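Below is one structure, written out as C-alpha cells, with a few remarks after it.
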Amino acid sequence: MFFYEKVDWIGVANFLSAYFGNGGIIIAGFLRFISIWILSPIIFFLIYIVPILVLILIISRLKGDINAKRFLKFLSGSQE
C-alpha cells in the first residue's frame, strides 16, 4: 500500500480550498496526481529495486574475489 492511499485527499482539498477557493481543489488533485505517478514509482524503486541491485552487486563482487583467488592459486601452482 502506497502512501497516497493513506492521505485523506478530500481533507487536503478542503484545507486548500479554504486558502485558494476552487484552486485548492485543483491543487489537491494535482498533488494526488504527482503522488501517484511520480512519487510512488520512486518510493517503489527505493524500497524494492535498490536493495536487490545492491545484493546482486555484493554477490558478484564476492564471486569475483573467489575467482581471483582460484586464478592466483592456479598461477602459483603452474610456476612450481
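Just so we're aligned: the sequence shown equals residues 120 to 199 in this note's numbering. For glycine and all other residues, C-beta sits at the position ideal for the given N, C-alpha and C. Source: prediction; values computed, not measured.
In this structure, the straight-line span from the alpha carbon of Leu174 to that of Phe149 is close to 36 Å. Collapsing the DSSP output to three states places Val126 in coil. Gly142 carries a helical assignment under DSSP once its states are collapsed to helix, strand and coil.
Excluding its 5 nearest sequence neighbours in each direction, Phe190 has no C-beta neighbour in its own chain below 7 Å.
Distance from the CA atom of Ser136 to the CA atom of Gly130, rounded to whole angstroms, is 10 Å.
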